[in-house]
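A quick write-up on the structure given underneath.
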Amino acid sequence: MERRAEHHQKLAAAAFAAAGVLLLAAALGSCCVGKYPISLEEIWRILTGGAVKDMTRNAFFTLRLSRTAMAVLSGAGLGLAGAVYQIIFKNPLASPDIIGIASGANLGAAVAIVAVSGTMASVAVGAFAGGLLAVAMVMLLVHATRSLSTSTYVLAGIIISAVANALIMALKYCADSDSELAAIEYWTMGSLAAVTAEKVRTILPFWVLGFGGLLLFRRQVGLLSLNEEECRMLGVRLRPIRRTILTLSTLLVASVVSVTGLISFTGLIAPHIARVILRRQNTQTMVLSALVGAVVLLAADILARSLYAAELPLSILTTVIGVPVLLWFLCRRGGDAA
Amino acid sequence: MTPLLSVEHLTGGYGRRTVVRDVSFTVERGELCALLGLNGCGKSTLLKSVCGLLPIREGRCAVDGEDCTHLHERQRALRMAYIPQRATPIAGRTVLDVVLMGFNARLHLFETPGRGRRQLAAETLGQLGLADMAELDYAELSEGQKQLVILARTLVQDAPVMLMDEPDSALDFVNRNMVLERIRSILKSQNRGGLITLHDPNFALAYCDRLLLMKDGAIIGQVAPGEIAPEEIGAALSLIYGPVRVLRHPGGFVMVRAAAEER
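From first to last, the protein sequence lines stand for chains Y and E.
Note that the numbering used here has the first sequence beginning at 657, numbered continuously upward.
Note that the numbering used here has the second sequence beginning at 1097, numbered continuously upward.
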């Protein structure tokens, strides 16, 4: 028993160390790569107060730093939220979309583009409000059924998503096909190209509240993985606790998505990678999932701005990176088990 | 003196379907009661109603004289612990983690179990013969071992009333005796009360102070094996199990099916 515990502690320590190193490397890479390349040496000089060209300093502070920070916040947020959803919905396919937040945010963004001004600020506010509203509707629906089971949330999520998607289609049908339709479509592919320091500062309080809140509720998240009856008999106040956790994760995801647009796959795949590495589904898995999400997103964003003359949408690259990594881990685990 | 658990005229069921009708009984401190009955007679429904997992339509249920009907989950968990017939399949948690879940009601919202509680959880596992399994993945255990882990979790919950729905269904003969013996001695030494559903009346005869006999959603009789003659026990058990005989042996009683000519 001691040996097993020790072995697992070593494994976890190695995994966190590796994820930390990768995160640092990817963050540095993200600061360097782009239309206006900055070398590591220049970054060092900026940080230590050495002499660099104003142009370089500006590019670093106005573009790269906020973009890198947003990539880390997005990946970590989606990774943590994904891990929490997979635990409390007892479903390895659960991702933050499962209770309608993605569709709601999408609808909010589409409304902002078509019916309001369509400025970046209005789209962000629309997406944030849309995501929150969709989850609020899901909770109302669940409340109306007076059901305690998690599957009701999933069903309500499907209903609200369907309604949101129908409304999105209606908006697309009415949209100006040259500009507005393209903007709606482009939003669903995700991008960090338009990140500014101001945007990061605006969403940061919501992100911190969501991320920190979920970490504080880590023990309750674990308990919610039990079925409803067991959970209640262990003294978990099911309705308020579940609502709180869902609200926190919704704040977290909405704060990310309102800036970046939809980012597919990160929230789904990061928890799987963390779980395959640690072979556990606990608080450590939640934290590692956040780190993995951040690394995946940083890598995807670096590729998005370096592969092609124009920037590529983020969702293409998160999928391209995430799938082979997950496959590799799955195959490796299969080999170990045999 | 008020009984530890008292159930008065309880009527309940699922939705509109009434399963349990006008049931009354008590469980005293230090007492282990068996709830016996055939499949589908309402044993589990009764336990869930007492737990508050199913709404009580009529009647009440009190612990130490205090009505439990309107308590919320956390308050309830401090008064009663429950072992479900089938525990959730949990993946990716260590055995020790699963046991630690039992402390939930005694921890603050954001508190994690400290060294003392981890020690207590490990000791409880040890008492059930699982000392070297604490760090294993719960999902890798056999069904019987999982049942022992869930029992450990229920024990550390430290509630005065323990409601157990077939906590021995996956256990072998040796472990079943060990578990019932353990439950009994813990109830006696810590002055708690237990209500347990069992399928095998012989184990109920061997380990329980009192047997509540349930049929068609009602309690139709009670037997305290220590106090009456085997013939009387047999007559009472026949109400549920059909023609049976109860024989005395040096260790207590056994129930057997009556010979063909007696039926």
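Note that CB positions come from ideal geometry on N, CA and C, so glycine has one too.
What residues in the segment 884–914 of chain Y have a beta carbon less than 7 Å from any beta carbon of chain E?
GLU885, GLU886, ARG888, MET889, LEU890, GLY891, VAL892, ARG893 and LEU894
How would you list, in chain order, the residues of chain E whose beta-carbon sits under 7 Å from the beta-carbon of Y/ALA661?
In chain order: GLU1231.
When burial is assigned at 16 or more other CB atoms within 10 Å of the CB, is E/ILE1324 buried or exposed?
exposed
Report all residues from its chain with a CB closer than 6 Å to the CB of Y/GLU836; omit the five preceding and five following residues, and keep chain order.
ILE769 and VAL770
CB Y/SER847 to CB Y/GLY782, shorter than 8 Å?
no
Using a C-beta to C-beta distance shorter than 9 Å, which residues of chain E count as neighbours of Y/HIS799?
The contacting residues do not exist; Y/HIS799 stays about 17 Å from chain E at best.
Is it buried or exposed, Y/TYR741, if we count other Cβ atoms within 10 angstroms and call 16 or more buried?
buried
Are E/ARG1189 and Y/GLN937 closer than 8 Å when you measure CB to CB?
Closer than 8 Å, so yes.
With 8 Å as the threshold, decide whether the Cβ of Y/ASN747 is near any Cβ in chain E.
With 8 Å as the cut-off, Y/ASN747 does not count as an interface residue toward chain E.
In chain E, what lies closer than 7 Å to Y/LEU872 by C-beta?
PHE1206
In chain order, which alpha helix (DSSP H) runs of at least 4 residues are fully inside the segment 1288–1342 of chain E?
1297–1303 and 1326–1337
Could you have a look at Y/MET726 and say whether DSSP puts it in helix, strand or coil?
helix
Where does Y/TRP843 land, buried or exposed, given buried means 16+ other C-beta within 10 angstroms?
buried
Based on Cα-Cα distance, which residue from E/GLY1289, E/LEU1132 and E/ALA1227 lies nearest to E/THR1098?
The candidate whose alpha carbon is nearest that of E/THR1098 is E/GLY1289.
Enumerate in chain order the residues of its own chain whose CB-to-CB distance from Y/THR801 is below 7 Å, with the five nearest sequence positions on each side excluded.
THR808
Does chain E have any CB closer than 8 Å to the CB of Y/ALA994?
Residue placement at Y/ALA994 is flagged as unreliable, the pLDDT there being 30, under the threshold of 50; the coordinate-derived value follows with that caveat. It does not: the Cβ of Y/ALA994 has no partner Cβ on chain E nearer than 8 Å.
Assess, as a yes-or-no matter, whether the segment 814–834 of chain Y is touched by the segment 943–954 of chain Y under the definition of 3 or more beta carbon pairs within less than 8 Å.
no
What does the alpha-carbon distance come out to for the pair E/GLU1219 and E/HIS1166?
34 Å
Count the other CB atoms within 10 Å of the CB of E/TYR1303; is the residue buried (16 or more) or exposed (fewer)?
buried
How many Å lie between Y/LEU904 and E/VAL1340 at the Cα?
60 Å
Here's the rule I'm using: 16 or more other beta-carbon atoms within 10 Å means buried, otherwise exposed. How should Y/PHE717 be labelled?
exposed
Apply the 10 Å Cβ neighbour rule to Y/SER686 and answer buried if 16 or more other Cβ atoms are within range, or exposed otherwise.
buried
Quick one: which chain Y residues come within Cβ less than 8 Å of E/ASP1261?
Near E/ASP1261 there are no residues of chain Y at all, since even the closest Cβ is about 10 Å away, more than 8 Å.
Going by CA-CA distance only, name the one from E/VAL1252, E/GLU1207, E/ALA1314 and E/TYR1337 that's closest to E/LEU1196.
E/VAL1252
State yes or no: is the C-beta of Y/THR724 nearer than 7 Å to some heavy atom of the ligand SAM?
As far as ligands go, the structure on display features none, and thus does not contain the ligand SAM.
Per DSSP, Y/VAL909 is paired with what?
In the DSSP output, where bridge partners are listed per residue, Y/VAL909 has none listed.
Just how far apart, CA to CA, sit Y/GLN940 and Y/LEU729?
18 Å
Taking the straight line between their C-alpha atoms, what separation do you get for E/GLU1231 and E/PRO1185?
17 Å
Could you give the distance in angstroms between the alpha-carbon of Y/ALA765 and the alpha-carbon of Y/ALA661?
48 Å
Of all the residues that make up the segment 1153–1170 of chain E, which are near chain Y by a beta-carbon distance shorter than 7 Å?
HIS1168, GLU1169 and ARG1170
Give the residues from the segment 933–961 of chain Y that approach chain E closer than 9 Å (Cβ to any Cβ), ordered along the chain.
LEU934, ARG935, ARG936, GLN937, ASN938, THR939 and THR941
Taking just the CA atoms, how far does E/MET1260 sit from E/GLU1277?
14 Å
Could you tell me which chain E residues have their CB closer than 7 Å to the CB of Y/HIS928, listed as they occur along the chain?
Correct list: empty, because the minimum Cβ distance to chain E is about 12 Å.
Assess contact between the segment 820–835 of chain Y and the segment 918–929 of chain Y, defined as three or more Cβ pairs (one per stretch) separated by less than 8 Å. Is contact present?
no
The alpha helix (DSSP H) spanning E/GLU1104 covers which residue range?
Careful: E/GLU1104 lies outside any alpha helix (DSSP H), inside the beta strand (DSSP E) at 1101–1110.
May I ask which residues mark the beginning and end of the alpha helix (DSSP H) holding Y/SER807?
806–830
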